[in-house]
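**Q**
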Amino acid sequence: MGILVGVLLVLALLWGRVSLVVTALFFNTTIPSDLDVMDAALDANNWEFVATYTVVGGAFAALAFSLLVVSIPMILDRDTDAITAAITSLRVVSKNTAVMLLWAALIGLLVLTSVLLPQAAGLVAIGPLLGHASWHAYRDAVC
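The sequence shown begins at 4 in the numbering used here and counts up by one.
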């Protein structure tokens, strides 16, 4: 499990650097502050920046999802290593791409909806529900 956490940490660090590079490519004077980036993202004249940022972020999210969608339940269920679990996860995603895209969209929608509730109270209900559903998704896809 620690190796998977390390992989996620490396992906997060890489995403931070790539995010900085994408921002620097579109704002060639100075790197804007957080508020300036939000203003730029909401400005209709910067659609190229928003599109590029979304595609690059989506690629990192897809990679993380593909590596981890069944890895954690597999490590908890079986005494397996992180590499085998990640490869299995990639195989599940490649064999069931449409279903996994739907599953990722559903997870994103449910988490976003639950975070919008006051003090993220929805995560109290959605977290265990998604954990249970993820377990069954793993059991149906791998076992």
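Note that the Cβ used here is the ideal one computed from N, Cα and C, for glycine as well. Model, not experiment: these values are computed from the prediction.
So is SER97 buried or exposed if we call it buried at 16+ other beta carbons inside 10 Å?
**A** Looking at its Cβ environment, which holds fewer than 16 other Cβ atoms inside 10 Å, SER97 is exposed.
**Q** Looking only at its chain, what residues have a beta carbon closer than 6 angstroms to the beta carbon of PHE52, apart from the 5 residues adjacent to it on each side?
**A** PHE29.
**Q** Straight-line CA distance for ALA88 to THR26?
**A** Roughly 34 angstroms separates the two Cα atoms.
**Q** Which residues mark the beginning and the end of the alpha helix (DSSP H) in which PRO121 is found?
**A** Taken as a continuous stretch (DSSP letters only), PRO121 belongs to no alpha helix (DSSP H), as it is neither H nor E.
**Q** So what does DSSP say about ASP143, is it helix, strand or coil?
**A** Helix at ASP143.
**Q** Would you call the region 118 to 128 and the region 98 to 105 touching, i.e. three or more CB-CB distances under 8 angstroms?
**A** The region 118 to 128 vs the region 98 to 105: no contact.
**Q** Can you look up THR83 in the DSSP assignment and give me helix, strand or coil?
**A** The answer is coil: DSSP assigns THR83 none of H, G, I, E or B.
**Q** Ignore the nearest five residues each way along the sequence and tell me which others in ASP80's own chain have a CB closer than 6 angstroms to its CB.
**A** Excluding positions up to five away in sequence, the list is empty.
**Q** Is the beta carbon of ALA108 closer than 8 angstroms to that of PHE68?
**A** Taking 8 angstroms as the Cβ cut-off, PHE68 and ALA108 do not qualify as a contacting pair.
**Q** Going straight from the alpha carbon of GLY61 to that of ASP143, what length do you get?
**A** One C-alpha to the other measures close to 26 angstroms.
**Q** Taking the alpha carbon of VAL8 as the reference point, which residue from ILE78, VAL58, TRP50 has its own alpha carbon closest?
**A** The option with the nearest alpha carbon to VAL8 is ILE78.
**Q** Please state whether the Cβ-Cβ distance between LEU45 and LEU70 is less than 8 angstroms.
**A** In this structure, LEU70 does not lie closer than 8 angstroms to LEU45 by Cβ.
**Q** Where does the unbroken alpha helix (DSSP H) through PHE30 begin, and where does it stop?
**A** It is not in any alpha helix (DSSP H) - PHE30 carries neither H nor E in the DSSP assignment.
**Q** Take the Cβ of ALA85 as the centre, count every other Cβ of all protein chains shown within 10 Å, and call the residue buried at 16 or more, exposed below.
**A** The residue is buried, with at least 16 neighbouring Cβ atoms inside 10 Å.
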